[in-house]
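J.: Sequential numbering from 19 applies to the sequence shown in the numbering used here.
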Amino acid sequence: MKTKAFSGASVLVLDAVDGASAAVIANKAEAQKVPVIAYDRLVPGTDAIDYYVSFDNEAVGRLQGESLLKALDNKPTARVVMSNGAATDNNGLTFKKGAHSALDGKVQVVKEYDTPDWSPDKAQDQMTQALTALNNQVDGVYAANDGTAGGAIAAMKAAGIKPLPPVTGQDAELAAVQRILLGEQYMTVYKAIKPQAEAAAVIAYHLATGKPVPTDITAGKTVNNGTKEVPSVLLVPLAVTKENLKDTVVADAFWTQEQICTARYAEACKAAGL
Numbered sequence: 019m020k021t022k023a024f025s026g027a028s029v030l031v032l033d034a035v036d037g038a039s040a041a042v043i044a045n046k047a048e049a050q051k052v053p054v055i056a057y058d059r060l061v062p063g064t065d066a067i068d069y070y071v072s073f074d075n076e077a078v079g080r081l082q083g084e085s086l087l088k089a090l091d092n093k094p095t096a097r098v099v100m101s102n103g104a105a106t107d108n109n110g111l112t113f114k115k116g117a118h119s120a121l122d123g124k125v126q127v128v129k130e131y132d133t134p135d136w137s138p139d140k141a142q143d144q145m146t147q148a149l150t151a152l153n154n155q156v157d158g159v160y161a162a163n164d165g166t167a168g169g170a171i172a173a174m175k176a177a178g179i180k181p182l183p184p185v186t187g188q189d190a191e192l193a194a195v196q197r198i199l200l201g202e203q204y205m206t207v208y209k210a211i212k213p214q215a216e217a218a219a220v221i222a223y224h225l226a227t228g229k230p231v232p233t234d235i236t237a238g239k240t241v242n243n244g245t246k247e248v249p250s251v252l253l254v255p256l257a258v259t260k261e262n263l264k265d266t267v268v269a270d271a272f273w274t275q276e277q278i279c280t281a282r283y284a285e286a287c288k289a290a291g292l
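#1: Which same chain residues, not among the five before or five after I235, have their C-beta less than 7 Å away from its C-beta?
#2: Specify the secondary structure class of R161 as computed by DSSP and reduced to three states.
#3: Are the CB atoms of A117 and D164 nearer to each other than 8 Å?
#4: Express the C-alpha separation of A210 and G244 in angstroms, rounding to a whole number.
#5: By a C-beta neighbour count over all protein chains shown, 10 Å radius and 16 as the cutoff for buried, is L87 buried or exposed?
#6: Just list the beta strand (DSSP E) runs in the segment 95-163, keeping only unbroken ones of 3 residues or longer that don't cross its boundaries, in chain order.
#7: Give me, in chain order, the residues of the same chain whose beta-carbon lies closer than 6 Å to that of A141; leave out the 5 immediate sequence neighbours on both sides.
#8: Is there contact between the segment 67-86 and the segment 147-166, where contact requires at least three CB pairs shorter than 8 Å?
#9: Just the Cα atoms here: how many angstroms apart are A105 and N262?
#10: Tell whether a beta-carbon distance below 8 Å holds between A286 and L149.
#11: Out of E48, M174, T280 and V254, which one is the CA nearest neighbour of A77?
#12: Taking one C-beta from the segment 113-129 and one from the segment 39-54 each time, how about it: are there three or more such pairs within less than 8 Å?
#13: State the start and end residues of the unbroken alpha helix (DSSP H) segment that holds S39.
#14: From the DSSP output, in three-state form, read off V195 for me.
#15: For T240, count the other beta carbons within 10 Å of its own beta carbon; 16 or more makes it buried, fewer makes it exposed. Which is it?
#16: Which residue comes first and which comes last in the alpha helix (DSSP H) that contains D75?
#17: Considering only residues of the same chain and omitting the five flanking positions on each side of T274, which have a CB-CB separation below 8 Å?
#18: For Y208, which residues of its own chain have a beta-carbon under 6 Å away from its beta-carbon, when the five flanking residues on both sides are left out?
#19: Residue range of the alpha helix (DSSP H) that Y57 falls in?
#20: In three-state DSSP terms, what is K20?
#21: What span of residues does the beta strand (DSSP E) with E247 cover, start to end?
#22: Which same chain residues end up closer than 7 Å to D36 when comparing Cβ atoms and leaving out the 5 residues on each side of it in sequence?
#23: My output table needs one value for L30: the three-state DSSP class, helix, strand or coil.
#24: If you count every other CB in all the chains shown that lies within 10 Å of the CB of T95, and 16 or more means buried, which is it?
#25: Excluding sequence positions up to five away, which residues of its chain have a Cβ less than 6 Å from the Cβ of K20?
#26: Taking only the alpha-carbon atoms, compute the straight-line gap between L90 and K175 and give it to the nearest angstrom.
The following block contains the structure:
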């Protein structure tokens with residue numbers, strides 16, 4: 019992004035894909051005295067970030083891990099494969115940390131992979147490798163998001179595993195919601211977009227107009243990005259299963275009943291009360 023791109027800007031809301039590139043952008047904005055809000059993904063290694071608005075990502079991983087433990091009836095001998103996110107992504111590392119805090123010492127993590135680029139295809143390949151090494155003996159799968167979940171599930175279906183073991187996910191993607199209805203995926207993590215966007219908008223308005231940002235919006239929370247403690251809005255994620263799907267993603271119109279309940283899923287939708 020060229021420096022002139024900030025000409026006339028009062029604030030930059032930065033939804034990063036790559037942390038290193040995002041840090042360069044943030045530094046350029048700071049040089050132009052443009053305040054920066056990191057949105058959804060923390061930008062590491064720069065002091066140019068003024069605020070961070072996201073969900074509590076360690077809590078996301080912990081919620082996934084706790085949900086998997088519940089599905090496995092807290093069985094300490096359960097054999098779990100972990101399909102983490104990209105090792106280069108701060109979010110992926112934080113989800114992983116939270117998941118381990120829930121799972122370590124409570125199940126057997128028999129195989130664990132970081133998934134380059136969060137690629138479903140790479141997650142599928144890694145799961146295929148795990149199944150071969152484990153002779154298909156897998157009791158549960160920690161998948162960091164719905165894409166890696168889809169890849170892991172595809173590998174298990176190709177290997178003829180029936181019934182499928184519980185698989186976690188994240189993002190409440192339409193395909194994942196439909197897999198949950200079919201019983202192919204156990205849960206996903208739903209992160210409501212509206213409160214996140216509203217929090218970013220409130221902060222952006224105050225920064226752009228030179229007004230003090232209300233202190234209650236962060237409640238004193240900060241996240242360290244490796245360079246500074248960044249004032250942070252950390253929203254609470256929700257675990258979504260077949261039992262509460264109607265009261266979460268459907269009730270919020272994240273996905274409509276019509277989008278979810280196409281012909282292939284009509285029977286499953288009816289069984290779930292949709």
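Glycine included, C-beta positions come from ideal geometry on N, C-alpha and C.
T.: Here's the rundown:
#1: Walking along the sequence shown from the start, residue 235 turns up at place 217. Result list for I235: A217, V220, I221 and V251, in chain order.
#2: Along the sequence shown, one-based indexing puts residue 161 at 143. The identity of residue 161 in the sequence shown is Ala, whereas the question assumes Arg. Correct three-state label for A161: strand.
#3: Here residue 117 is taken as the residue at index 99 of the sequence shown, counted from 1. Here residue 164 is taken as the residue at index 146 of the sequence shown, counted from 1. Not a contact, by the Cβ cut-off of 8 Å.
#4: Your numbering for residue 244 matches position 226 in the sequence shown. Your numbering for residue 210 matches position 192 in the sequence shown. Rounded to the nearest angstrom, the two C-alpha atoms are 27 Å apart.
#5: If you number the sequence shown from 1, residue 87 lands on position 69. Per the 10 Å Cβ criterion, buried.
#6: Annotation note: the segment 95-163 contains the following uninterrupted beta strand (DSSP E) runs of length 3 or greater, listed N- to C-terminal: 97-102, 126-132 and 158-161.
#7: Your numbering for residue 141 matches position 123 in the sequence shown. So the list reads S101, T133, T166, G169 and A170, once near-sequence residues are dropped.
#8: yes
#9: Along the sequence shown, read from residue 1 onward, the residue named residue 105 stands at position 87. Along the sequence shown, read from residue 1 onward, the residue named residue 262 stands at position 244. Distance between the alpha carbons of A105 and N262: 31 Å.
#10: Start at 1 with the first residue of the sequence shown, and residue 286 comes out as number 268. Start at 1 with the first residue of the sequence shown, and residue 149 comes out as number 131. Result no, Cβ atoms of A286 and L149 do not sit closer than 8 Å.
#11: For the purposes of this step, residue 77 is taken as the residue at position 59 of the sequence shown. Comparing Cα-Cα distances from A77 to each of E48, M174, T280 and V254, the minimum goes to V254.
#12: no
#13: Within the sequence shown, numbered from 1, the residue matching residue 39 stands at position 21. In the DSSP assignment, S39 falls within the alpha helix (DSSP H) that extends over G37 to A49.
#14: As a first step, residue 195 must be located in the sequence shown, where it is residue number 177. Residue state, collapsed to three classes: helix.
#15: If you number the sequence shown from 1, residue 240 lands on position 222. The residue in question, T240, is exposed, as its Cβ has fewer than 16 Cβ neighbours within 10 Å.
#16: Position 57 of the sequence shown, counted from the first residue, corresponds to residue 75. The sequence shown places Asn at residue 75, rather than the Asp named in the question. Counting along the chain, N75 sits inside the alpha helix (DSSP H) bounded by residues N75 to A89.
#17: In the sequence shown, the residue the question calls residue 274 occupies position 256. Correct list, in chain order: V268.
#18: In the sequence shown, counting from the first residue as 1, residue 208 sits at position 190. The residues are A190, L256, V258, T266 and V267.
#19: Locating residue 57 in the sequence shown gives position 39, where the first residue counts as 1. Looking at the DSSP string, Y57 is not in any alpha helix (DSSP H); the run it does join, the beta strand (DSSP E), is V54 to Y57.
#20: Numbered from 1 along the sequence shown, position 2 holds the residue referred to as residue 20. In this predicted model, K20 has a pLDDT of only 48, less than 50, meaning its place in the structure is not dependable; the value taken from the coordinates is given anyway. It is coil, neither helix nor strand.
#21: Working through the sequence shown from its first residue, we reach residue 247 at position 229. E247 -> beta strand (DSSP E) spans E247 to L253.
#22: As a working mapping, residue 36 is identified with position 18 in the sequence shown. Correct list: empty, nothing qualifies.
#23: If you number the sequence shown from 1, residue 30 lands on position 12. Three-state DSSP puts L30 in a strand.
#24: Numbered from 1 along the sequence shown, position 77 holds the residue referred to as residue 95. With fewer than 16 other Cβ atoms within 10 Å, it is exposed.
#25: Translated into positions along the sequence shown, residue 20 becomes position 2. Confidence in K20 is poor, its pLDDT being 48 and thus under 50, which makes the residue's placement unreliable; the coordinate value appears in the next sentence. Nothing listed; no residue qualifies.
#26: Looking up residue 90 in the sequence shown gives position 72. Looking up residue 175 in the sequence shown gives position 157. Cα to Cα, the separation comes out at about 20 Å.
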